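**Student:**
Protein chains: 2
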Amino acid sequence: MDVTDTDLVLDAVGEPNRRHLLELLHDQRESTVSHLVDASGMRQPQVSKHLKVLANAELVSVRTDGRFRHYRLDGRGLQVAHDWFSSFDDVWHARFDTLDELVSTDPNPDQAEEHLR
Amino acid sequence: MDVTDTDLVLDAVGEPNRRHLLELLHDQRESTVSHLVDASGMRQPQVSKHLKVLANAELVSVRTDGRFRHYRLDGRGLQVAHDWFSSFDDVWHARFDTLDELVSTDPNPDQAEEHLR
DNA sequence: CGATTGCATTCCTCTAGAGGAATATATACG
DNA sequence: CGTATATATTCCTCTAGAGGAATGCAATCG
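So the protein sequences, as listed, match chains A and B.
Every letter in the first sequence is one number past the one before it in the working numbering, and letter 88, counting from 1, is 88.
Count along the second sequence from 1, add 1000, and you get the number used in the working numbering.
In structure tokens, the structure reads:
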């Protein structure tokens, strides 16, 4: 069981505070650690540690400027995750197809909703 | 900090064995627990427990048939996750835009790759 | 009916990893 | 220089939750 990119990315995103950091980074083009500390309410060491995990999954990248580190979102990791979920798109396509079918053919749509999800 | 649908879904997916179950369910339209036990190599109680977490996040649904439970993917949870990552699509669009720009204007693309990610 | 099968649940244990405090390191500033 | 600031890292603690064994509970089979 080797750890793939997808594993790295989805493991990293599977933590609420890290998702919060990603959302904060989405607003500002670029953020320093201290800004993320203020905005997130977490303590500085936690922010740095979470950022390390995110960077390792290529979900964020860093630019060093003096004693500042400017973090920003990294499209590579984000796209890996997006693609993984996209591979399931047939599931919700099937969902709408079935719904269309029901609406157009079933005179009593209250029944037979088994597994229409 | 209330737990949203997105939190429920991404927390659930943030576990390798649960992702494995989702992938197994993607192949077969529908699977019993015992089939998932065989296919995953996990023990029955773990499979049942993971399925419970997935069902709670609306990532799978169940159909009961006698003493069998037929699980299948649920488009609702999958789409919640997909949508969350889609909201970041501007990040990788920006990435390709910048790449296009470099390719078309920069005579020496080996430099200045800072943050092109 | 008893035995078996399919699955859920309970209880226990154990570990990964999140959080906290202190410290290290590097840069800037006076 | 010494001091302050920005961030990373180390070490420790503690808890959520993953895994295992046993059990509960229906439904089916003979």
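For glycine and all other residues, C-beta sits at the position ideal for the given N, C-alpha and C.
Predicted model, so just to flag it, every value in this text is computed and none were measured.
Would you decide whether A:R19 is buried or exposed? Buried here means 16 or more other CB atoms lie within 10 Å of its CB.
**Tutor:** Result: buried.
**Student:** State yes or no: is the C-beta of B:W1092 within less than 8 Å of the C-beta of A:G75?
**Tutor:** Yes.
**Student:** If the cut is a Cβ gap below 8 Å, which residues of chain B does A:S34 touch?
**Tutor:** Going along chain B, no residue has its Cβ under 8 Å from A:S34, so there is no contact; the nearest lies around 19 Å.
**Student:** Note down, in chain order, each residue of its chain lying with its Cβ closer than 7 Å to the Cβ of A:V80, except the 5 sequence neighbours on either side.
**Tutor:** Counting only Cβ-Cβ distances below 7 Å, and skipping sequence neighbours, we find D5, T6 and V9.
**Student:** In chain order, what residues of the same chain have a beta carbon less than 8 Å from the beta carbon of B:A1012, not counting five sequence neighbours either side?
**Tutor:** Here the set comprises R1018, V1053, L1054, N1056, A1057, L1059 and G1077.
**Student:** Consult DSSP for B:E1114 and reduce its assignment to one of helix, strand or coil.
**Tutor:** Its pLDDT being 49, under 50, B:E1114 is placed unreliably in this model, and the coordinates cannot settle the point.
**Student:** Are the beta-carbon atoms belonging to B:Y1071 and B:L1025 less than 8 Å from one another?
**Tutor:** The answer is yes: Cβ separation under 8 Å.
**Student:** What residue from B:D1002, B:T1032, B:S1087 and B:Q1028 has the CA that sits closest to B:G1066's CA?
**Tutor:** Among B:D1002, B:T1032, B:S1087 and B:Q1028, the Cα nearest to that of B:G1066 is on B:T1032.
**Student:** Examine chain B for any beta-carbon lying closer than 8 Å to the beta-carbon of A:R19, and answer yes or no.
**Tutor:** Yes, A:R19 lies at the interface with chain B (some Cβ there is under 8 Å from its Cβ).
**Student:** Could you name the residues of the region 1033 to 1059 of chain B whose beta carbon sits closer than 9 Å to any beta carbon of chain A, in the order they occur along the chain?
**Tutor:** Under the 9 Å Cβ criterion, the region 1033 to 1059 of chain B contributes E1058.
**Student:** Is A:V37 near A:Q44, with beta carbons less than 8 Å apart?
**Tutor:** A contact, by the Cβ cut-off of 8 Å.
**Student:** Report yes if the CB atom of B:E1015 is closer than 8 Å to the CB atom of A:G14, and no otherwise.
**Tutor:** Going by C-beta atoms, B:E1015 is nearer than 8 Å to A:G14.
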